[in-house]
Structures are given as structure tokens and as C-alpha cells.
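For the sequence shown, our numbering assigns the number 79 to the initial residue and increments by one for each residue that follows.
Taking it in order: structure first as C-alpha cells, then the write-up.
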Amino acid sequence: MAAKLKIISEKGRGEIFELNSAKISIGRDKTNEIVLNDASVSRRHCVIERRGEKYFISDSGSLNDTTVNGVEARETELFDRDKISVGDFTFCFLTVDSAEDSSGVFFDKTEFRLPKNSVQLRIEEVFGAMARDLTAILQIITKISAIRDAETLENELLRQIFEVVPADEGAILLVDDSREFAEIVGLNRTDENEPINVSQTVVSQVLQTNQVILVTDFAAEENLQNAESLFLRKVSSLLCAPVVLFEKTLGVIYLASAKANFDESHLRFLTAVAGIAAVSIENARNFAFLESENARLRGETLNQNMLGESLSMEKIFEIIRKVAPTDSTVLINGESGTGKELAAQAIHLNSKRADKPFVAINCAALTETLLESELFGHEKGAFTGATAQKKGKIETANGGTLFLDEIGEMNINLQAKLLRVLQEREFERVGGVRSVKADIRLIAATNRDLQTEVKNGNFRQDLFYRLNVVRLTMPALRERREDILLLAESFAAKFSRILNRKIRGISANAKKLLLKYDFPGNVRELENAIERAAVLGSTEWILPEDLPEDFLELQTAAEISDISNYHEALREKKKELILNAFREAKGNYVETAKLLDVHPNYLHRLIRNLEIKDELENRS
């Protein structure tokens with residue numbers, strides 16, 4: 079019989095995977111046998127291999143590692159009920175029948191006829207006697223009403239039931255819409271680690287009829303000859319009640335005793351408790367679903383705003399996931415166009431401040447005076463033209479996140495005022511005397527090396543230390559080439575929607591040019607190139623000629639025949655112009671650039687791309 083993996087974490091709780099193959103890979107990529115579409119999981123996270131009757135798990139070099147019972151998995155043999163952690167997911171490894179669960183509850187599948195002295199009552203017949211157990215029921219309501227975690231609630235419910243009913247063991251078994259068991263929690267009165275045995279015959283009948291079943295004395299029944307397992311466990315009495323909410327059966331509460339015999343007072347009490355607990359159980363399950371859905375949607379937000387499957391971006395995603403829930407200040411480094419503001423937005427959207435403002439300001443775009451007014455605001459009459467009080471960006475971002483882009487451009491005098499905001503969490507408006515509280519999270523970004531700026535006296539050291547709590551360095555696009563086509567296709571789809579123009583994708587030859595280009599402007603340059611192609615293109619595909627000229631210059635002689643005669647002729651014409659100008663300038667590169675009216679650096683790039691350096695040197 080094949081083993082199984084069952085998800086027992088909040089993410090994906092209850093989902094079961096059959097391990098039918100000799101080798102099963104787990105990861106985020108769609109090529110895996112078990113696909114976990116979550117940012118906490120690497121594309122190829124781990125592998126489970128079956129060798130004979132044994133199973134072994136090994137990590138595939140994932141970012142978050144794979145652990146078995148808290149220990150890193152390196153060719154680790156799996157045993158029944160081992161806990162496996164893969165990113166934010168926790169699995170239970172099961173080698174027994176799928177009806178069995180990691181909670182330690184086992185189904186006894188022995189079939190038998192219910193005894194003659196068993197009692198079956200409809201739920202509505204038993205509510206009349208509820209007053210007798212009112213105190214105990216009120217205590218149960220008080221205990222469980224504030225519990226949101228479903229498993230914790232069900233364990234506490236069983237403990238409270240044990241205070242009234244003399245059961246040795248009990249279980250709460252919840253079903254899904256297809257009447258399959260989705261959640262099972264068991265409790266043994268004397269030993270919480272002891273497995274619980276549940277009669278599947280009794281549970282199935284309660285689920286089918288929605289009636290309470292009470293078996294008062296097994297030993298006195300003659301028609302239980304097939305229930306040998308119950309006799310071996312010395313079960314004396316059974317009690318099982320359905321958990322029903324708005325005519326929907328959520329599951330059952332099952333109790334068994336080897337010493338005491340249950341009576342009808344216990345039946346009435348359990349029926350009342352099951353009816354009252356149904357609301358709390360359903361609320362806890364809904365809360366767990368909403369939490370999981372919220373986490374999924376936030377993960378999607380992160381992935382949609384910041385696309386990337388490269389190792390460098392995986393590391394960025396991991397840092398964002400860890401730092402986002404905190405209030406720590408973050409310093410984002412990176413070249414222009416690498417997506418520093420997108421990273422700041424992702425941190426904000428995945429933080430507890432997500433429903434508060436995200437306010438961004440570019441420190442390089444304003445003069446010192448204007449930047450101070452924009453940041454701190456001003457009072458009426460603070461300076462010429464200040465005809466009314468104005469709130470600054472810090473005040474506007476109160477409760478949320480303030481993003482200061484290009485903070486390395488900020489004047490050193492203004493840096494001192496920003497430092498006070500971070501230290502005292504208050505400030506004064508320009509021209510004001512009253513302190514204003516600043517409940518903000520600060521995220522700063524720069525394309526400068528602030529440590530070098532500190533050494534050169536251009537940036538305050540104390541402010542640098544305040545900003546450099548968590549540092550995030552966005553990789554240049556040329557350092558993550560495996561993400562270029564992923565981003566390009568995403569931008570193509572985006573501008574297809576915006577321009578209301580059908581774009582089926584990017585042609586193979588255009589893709590070659592994109593992959594060869596160094597993108598000095600990074601992701602922003604790629605987005606602009608695709609937007610230009612979407613605007614100027616005339617077909618359903620983005621073609622090489624739709625891309626900016628800088629991309630066309632990258633075509634090698636081997637690629638020319640694949641594109642068109644037009645581009646080949648254009649390339650040859652460029653060669654001819656450069657060679658003629660070089661000859662006229664008598665081999666002087668600077669003079670050649672002047673004749674061609676281009677920058678010398680651009681000329682050198684053209685020569686390199688056109689592969690005519692050797693030809694020029696031979697002619698000089």
C-alpha cells in the first residue's frame with residue numbers, strides 16, 4: 079500500500095498526496111509531481127524516493143531547507159507520522175490507510191449490528207432536558223468562544239466534555255462536503271499520547287441518520303459477535319452525537335468508556351454540547367480558511383508586483399517575507415530601474431500596516447527647501463507663498479509606511495532632521511513650534527554606496543546606522559537573465575490590456591535580442607522597450623524591428639539571415655559609415671566619433687557589436 083503525505087499546517091490543511099511513484103519531487107514549479115504554488119517553496123524543493131518498502135527524503139538545495147521532525151533532511155528515512163517541513167507547509171507522512179490521521183485516531187472497521195439496548199434519538203427530542211446541565215454548558219461556551227484555532231478548540235471541547243461524561247477516550251471527527259474526513263482530533267483521559275480507537279460502524283451510521291447513538295452495555299449484547307475488537311479493548315459503552323449547523327452535518331463527537339456505562343443524561347448533555355459547539359467549530363474553520371486565503375492573496379500580490387524565478391530574486395522574496403511583518407527600518411540598495419520602490423511596496427503590503435498609507439517621495443527630484451516642506455509640511459506664513467497650513471509626507475503616512483527614494487541625494491542638514499524623526503518619533507512643521515507625532519515605518523532606497531558617502535562626509539554616519547537595520551540589495555537585470563523573458567511576457571500582456579491591442583507574445587528572434595542585451599536601465603528599460611514595441615508594432619507578435627535601435631545593434635552575422643534583409647542592409651550600412659569615417663579621421667577614434675556625431679563611448683560599443691575592431695586596426 080502506497081504511503082501518503084497530508085498537509086497539517088494552516089496552509090493547505092487537510093490536502094492529501096498519494097506517493098505512488100518511485101521518485102516524487104516537491105516544489106513550486108509545475109513540473110513537480112507535488113506542486114506547492116507558494117513563494118516560501120523553491121522551484122525544486124525536495125525529493126521523496128521509494129526503495130522497496132522504505133521511503134527516503136532529501137532536500138534539493140532549497141532556500142528554506144527541508145526538515146524532518148525539525149532536523150535537516152539529507153537522505154533521511156521516513157517513518158509513519160514523521161513531520162516534514164517544506165517552506166511554510168508542514169506534512170505528516172502516513173503509511174496507513176487514508177482514513178487514519180496524524181492525530182493518533184484509528185478507525186476500527188469491524189462491522190456489526192447495533193445492540194438491542196442501544197438508544198437512538200433525534201436531536202430535537204433531547205433539548206428539553208438541557209437545563210440540568212446548564213452550568214457545565216455555559217462553562218464550555220465561555221471556554222471555546224474565544225478560541226480561533228480549530229484544533230485547539232476541539233481539544234479544549236473534549237477536555238470540557240470529560241469533566242461531565244465519564245469517558246476514557248473521545249474524538250471529534252469533522253467531514254467535508256463529500257462526507258470524507260477532513261479533520262480528526264482525539265483525546266485519551268489518562269494519556270494524551272495514547273492512540274484513540276473509533277468504531278467506523280457507529281460513526282458512519284450517525285453521519286447517515288443524523289441521530290445520536292448510545293450503547294450502554296456491550297457485554298450484555300448477544301448480537302455483537304463480529305465486534306471482537308471492541309471486546310478486546312474492553313469497551314463497555316459508546317456515545318456518538320452528530321455536529322449539525324443549519325441542517326449541515328459538520329461531523330461527530332465520539333466517546334467510549336471501558337469502566338462506566340453512559341446513560342441518557344450523558345446523551346442529552348453531549349447532544350446539547352454538539353449543537354452549541356457547531357457554531358464555534360464552523361467559525362474556527364472559516365477563520366482558518368480566511369487566514370490561509372489572506373496569506374495566499376498577499377503572496378500573489380508580492381509575486382505579481384515583483385516577478386522573478388532566479389536565485390537572486392528568491393533571496394529577495396525570502397528577506398521580504400521575514401522583514402515585512404516587523405516594523406524594522408529597511409535600506410534598499412540597487413541600480414536605477416531595478417525595482418526598489420516595488421520592493422518597498424511589497425514590504426508594506428505584507429506588513430500589519432498594509433491597510434494604512436504608503437507614501438513615496440523622491441529625494442533627488444526636489445531642492446533642499448522644497449524637500450523639507452514636502453517631508454515635514456509647513457505652517458501658514460512660514461515662508462513667502464505659504465498661504466495655508468500644509469501636512470507633509472511624514473504626517474500623511476502616519477500609521478503606514480514612508481518610502482524615501484534616492485535618500486543619498488538628501489542634504490546633510492535635512493538628514494539631521496530626519497534622524498530626529500527616527501529617534502524621537504516626532505517633528506515640527508516648517509515654521510511651527512508644536513511637535514507632531516510620527517507613527518511611521520521608514521523604508522529608504524539609494525543607488526549610491528552610503529558607506530562611501532559617510533567616509534566622504536556627504537552622509538551622516540548616525541543616520542546611516544539608523545537606516546541600515548535591514549539591508550536589501552536589488553539585483554541588476556543583467557545578473558538575473560533567467561527572469562528577462564518572464565518579465566518581458568508579463569509586460570507584453572500588461573500593455574496588450576492597456577492599449578486594447580491583441581499581442582500574442584514575443585517572437586523567437588526578438589527574444590534572442592532581449593537575452594543578449596545588458597539592460598543598463600534594468601527592469602524599467604525592459605518595460606519601456608516592450609511598451610514601445612506594443613505601441614509601434616503592427617502584428618500580433620513583438621518582432622525585432624519593434625524594439626529600440628540599441629537592441630537591433632546586437633544582432634550578429636549568424637542571426638541576420640534569420641531576421642530580414644532590411645536589418646542586414648542596415649548593419650552593413652553602419653559598418654560602411656564607420657569605416658569611411660575612421661579612414662577620413664586617419665585612425666583617430668575621437669575624431670571618428672565627431673565625424674559621425676556620436677559619443678566616443680557609443681562608437682566603441684558600435685564597433686564591438688558590429689565586430690569590426692580588427693578590420694579598423696588593420697586599416698589604421
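Even glycine gets a Cβ: it sits at the ideal position worked out from N, Cα and C.
Please read these numbers as outputs of a predicted model, since none were measured by experiment.
Could you tell me the boundaries of the beta strand (DSSP E) in which S568 lies? The count along the sequence shown starts at 1 and reaches residue 568 at position 490. Run containing S568: none in the beta strand (DSSP E); it sits in the alpha helix (DSSP H), I562 to I576.
Taking K471 as part of the alpha helix (DSSP H), name the residues at either end of that continuous run. The sequence position of residue 471 within the sequence shown is 393, counting from 1. Note, K471: alpha helix (DSSP H), K471 to T474.
Per DSSP, H456 is paired with what? As a working mapping, residue 456 is identified with position 378 in the sequence shown. Answer is K468 and V508.
Shortest alpha-carbon distance to E247 belongs to which of T479, F537, L317 and G665? Here residue 247 is taken as the residue at index 169 of the sequence shown, counted from 1. Checked all of T479, F537, L317 and G665; the closest Cα to E247 is L317.
Can you tell which of F537, L674, V668 and K664 has its C-alpha closest to the C-alpha of K653? The sequence position of residue 653 within the sequence shown is 575, counting from 1. Minimum Cα distance to K653 is reached at L674.
Element boundaries [beta strand (DSSP E), containing I263]: Within the sequence shown, the letter at position 185 stands for residue 263. In the sequence as presented, Ile is not what sits at residue 263; that position holds Val. Per DSSP, V263 belongs to the beta strand (DSSP E) from F259 to N266.
Step through the CB atoms of chain D and report whether any lies within less than 8 Å of the CB of N364. No chain D is present in this structure, which holds just one protein chain.
Candidates E111, L156 and D166, of which the one nearest E131 by Cα: What you label residue 131 is simply residue 53 of the sequence shown in a count that begins at 1. Of the listed residues, the one whose Cα sits closest to E131 is L156.
Hey, how far is the Cα of Q217 from the Cα of E360? Taking the first residue of the sequence shown as position 1, residue 217 is located at position 139. Taking the first residue of the sequence shown as position 1, residue 360 is located at position 282. Cα-Cα distance, rounded: 19 Å.
Using the Cα positions of K101 and T349, report the straight-line distance between them to the nearest angstrom. Reading the sequence shown from its first residue, position 23 is the one you call residue 101. Reading the sequence shown from its first residue, position 271 is the one you call residue 349. Going from the Cα of K101 to the Cα of T349 covers about 48 Å.
Would you check if the stretch 414–431 and the stretch 512–522 touch, i.e. whether three or more CB-CB distances between them fall below 8 Å? yes
Helix, strand or coil for Y543? Go by DSSP, reduced to three states. As a working mapping, residue 543 is identified with position 465 in the sequence shown. DSSP places Y543 in helix when its eight states are reduced to three.
From K221 to V351, what distance separates their C-alpha atoms? To locate residue 221, count along the sequence shown from 1; it is residue 143. To locate residue 351, count along the sequence shown from 1; it is residue 273. Each residue's alpha carbon lies about 12 Å from the other.
Give me the DSSP bridge partner(s) of Y680. Along the sequence shown, one-based indexing puts residue 680 at 602. The partner list for Y680 (beta bridge, DSSP) is empty, contrary to what the question assumes.
In whole angstroms, give me the CA-to-CA distance for D640 and L621. Here the question's residue 640 lines up with position 562 in the sequence shown. Here the question's residue 621 lines up with position 543 in the sequence shown. Confidence is the limiting factor: at D640 the pLDDT is only 47, short of 50, which leaves the residue's position unreliable, though a coordinate-based value still follows. Each residue's alpha carbon lies about 12 Å from the other.
Tell me the DSSP secondary structure of T479 in three-state form. As a working note, residue 479 is residue 401 in the sequence shown. In the structure shown, T479 sits in a strand (DSSP, three-state: E or B).
Buried or exposed: where does P598 fall if 16 or more other Cβ atoms within 10 Å of its Cβ makes it buried? Here residue 598 refers to the residue found at position 520 of the sequence shown. Exposed.
According to DSSP, is I690 part of a helix, a strand, or is it coil? By one-based count along the sequence shown, residue 690 stands at place 612. Here I690 sits in coil by DSSP.
Sufficient close CB pairs (3 or more, under 8 Å) joining the stretch 574–588 to the stretch 407–421: no
Inter-residue CB distance, F454 and V508 (contact presumed, cutoff 8 Å): Locating residue 454 in the sequence shown gives position 376, counting from the first residue. Locating residue 508 in the sequence shown gives position 430, counting from the first residue. The Cβ separation is near 6 Å, so the contact holds.
From K589 to E618, what does the alpha carbon distance come to, in whole angstroms? In the sequence shown, residue 589 corresponds to position 511, counting from 1. In the sequence shown, residue 618 corresponds to position 540, counting from 1. So the two alpha carbons sit approximately 15 Å from each other.
Reference T168; option with closest CA among D116, A80 and R538: By 1-based counting over the sequence shown, the position of residue 168 is 90. The shortest Cα separation from T168 among D116, A80 and R538 belongs to D116.
With DSSP run on the structure shown, which of helix, strand or coil describes V548? Translated into positions along the sequence shown, residue 548 becomes position 470. V548: strand per DSSP, three-state reduction.
Distance, I608 Cα to N707 Cα: Because residue 707 is not part of the residues shown, which for the chain are 79 to 698, the question remains open.
Taking its Cβ as the centre, do 16 or more other Cβ atoms sit within 10 Å of E450, making it buried, or is it exposed? Along the sequence shown, read from residue 1 onward, the residue named residue 450 stands at position 372. E450 should be labelled buried.
Determine the direct distance from the alpha carbon of S103 to that of I485, and round the result to whole angstroms. For this step, residue 485 is matched to residue 407 along the sequence shown. For this step, residue 103 is matched to residue 25 along the sequence shown. Rounded to the nearest angstrom, the two C-alpha atoms are 45 Å apart.
Since V408 is in the beta strand (DSSP E), which residue starts that stretch and which ends it? Your numbering for residue 408 matches position 330 in the sequence shown. Per DSSP, V408 belongs to the beta strand (DSSP E) from V408 to N411.
Alpha helix (DSSP H) runs contained entirely in the stretch 384–429, provided each spans 4 or more residues: 389–401 and 418–427
Throw me the rounded Cβ distance for the L251 and V281 pair, which I believe falls under 8 Å. Here residue 251 refers to the residue found at position 173 of the sequence shown. Here residue 281 refers to the residue found at position 203 of the sequence shown. Right, the Cβ-Cβ distance comes to about 6 Å (below 8 Å), so this counts as a contact.
Between which two residues does the alpha helix (DSSP H) carrying I521 extend? Within the sequence shown, residue 521 is the residue found at index 443, counting from 1. Counting along the chain, I521 falls outside any alpha helix (DSSP H), though it belongs to the beta strand (DSSP E) covering R519 to T524.
Only counting runs of 3 or more residues, tell me where the beta strand (DSSP E) segments fall wholly within the stretch 322–375, in order along the chain. 326–335
Start and end of the beta strand (DSSP E) containing E127? The residue labelled residue 127 in the question sits at position 49 within the sequence shown. Start and end: C124 to R129.
Near F295, what residues of its chain come up, given a Cβ to Cβ distance below 7 Å and the 5 sequence neighbours on each side ignored? By one-based count along the sequence shown, residue 295 stands at place 217. In the sequence on display, residue 295 carries Asp and not Phe. Correct list, in chain order: N195, S314, S315 and N339.
With 16 as the cutoff for other CB atoms within 10 Å, does A466 come out buried or exposed? For this step, residue 466 is matched to residue 388 along the sequence shown. Result: exposed.
Output the boundary residues of the alpha helix (DSSP H) element that contains L114. On the sequence shown, residue 114 is found 36 positions in, with the first residue counted as 1. No alpha helix (DSSP H) holds L114; DSSP gives it neither H nor E.
Restricting to Cα atoms, I'd like to know which of L657, R91, Y680 and N687 is closest to N364. Mapped onto the sequence shown, residue 364 falls at position 286. Out of L657, R91, Y680 and N687, R91 has the C-alpha closest to the C-alpha of N364.
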